[in-house]
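Visitor:
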Amino acid sequence: MKYLQGYPEQLVSQAQNLLDNNRLKPYLLKKYPQAHAVRSNEALYKYTQALKSRYLKQSQPITKVVYDDKINVMKHALGMHVTTSRIQGNKLKAKKEIRIASVFKLAPEEFLKMIVVHELAHLREKDHNKAFYQLCNYMEPDYHQLELDLRLYLTLLDTGETLY
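Residue numbers (the UniProt record's numbering): 1 to 164.
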């Protein structure tokens, strides 16, 4: 139950019970019956831009949003926000990128939204502090429940199963 470290023992044991009794997949399928349709990098960029335009109009522009095969979910990275800076003449140009682990191409849309919201929140708040999580909850009111369910989803994937 490596994805549930830090959660209360009672919750971890409930999750372990679901897993042991082959009820984790049906539980997740009931809550999240279908995968999202955001499969290409272009579609992911548009999806992210729509969320950014709705909730973070004043934030810096994002130049790139892609699915990344190199992000290792097993090392607790679901997505990344990257800032690259270049000097052009006497100006400093900064580009913001968001990278989402490719394993989420076939995930429920709610999980994709949770990850994108998390990475967008880093445009304003660098650290995982109270203000960061308030911003996440502003963009996705069910953020914390989705984070827990996403961790259950990753636990399922870790067994070699798929949801869809």
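For every residue, glycine included, the Cβ atom is placed at its ideal position computed from N, Cα and C.
What are the boundary residues of the beta strand (DSSP E) that Lys95 is part of?
Guide: Lys91 to Ala101 is the span of the beta strand (DSSP E), which, as asked, contains Lys95.
Visitor: Quick check on the DSSP output: what are the complete alpha helix (DSSP H) runs of length 4 or more inside the UniProt domain "YgjP-like metallopeptidase" (40–151), in order along the chain?
Guide: Listed in chain order, the complete alpha helix (DSSP H) runs (minimum 4 residues) inside the UniProt domain "YgjP-like metallopeptidase" (40–151) are 41–55, 109–121 and 130–139.
Visitor: Please list, in chain order, all residues of the same chain as Thr63 whose beta carbon is under 7 Å from its beta carbon, the five residues on each side excluded.
Guide: If we look at Thr63 and ignore the five residues flanking it on each side, its Cβ neighbours are Lys95, Lys96 and Glu97.
Visitor: Do the segment 138–156 and the segment 101–113 meet, that is, are 3 or more Cβ pairs less than 8 Å apart?
Guide: Taking 8 Å as the limit for Cβ pairs, the verdict is that the segment 101–113 does touch the segment 138–156.
Visitor: Which first and last residues belong to the alpha helix (DSSP H) in which Gln34 is found?
Guide: No alpha helix (DSSP H) holds Gln34; DSSP gives it neither H nor E.
Visitor: Counting only C-beta atoms, is Glu140 closer than 9 Å to chain D at any point?
Guide: Absent from the structure is chain D; it holds one protein chain and no more.
Visitor: State the DSSP-derived secondary structure class of Tyr153, mapped to helix, strand or coil.
Guide: Reduced to three states, the DSSP call for Tyr153 is helix.
Visitor: Between Tyr133 and Val117, which are expected to be in contact by the criterion C-beta below 8 Å, what is the C-beta distance as a whole number of angstroms?
Guide: Not a contact, Cβ separation roughly 11 Å.
Visitor: Would you kindly check if the distance between the Cβ of Ser40 and the Cβ of Leu120 is under 9 Å?
Guide: No, these two residues do not count as a Cβ contact at 9 Å.
Visitor: CB of Leu135 to nearest heavy atom of the ligand GDP: below 8 Å?
Guide: For the structure depicted, the ligand GDP is absent and the ligand set is empty, with no information on it obtainable.
Visitor: Return the first residue and the last residue of the alpha helix (DSSP H) that Leu18 is part of.
Guide: Segment Glu9 to Asp20, the alpha helix (DSSP H) holding Leu18.
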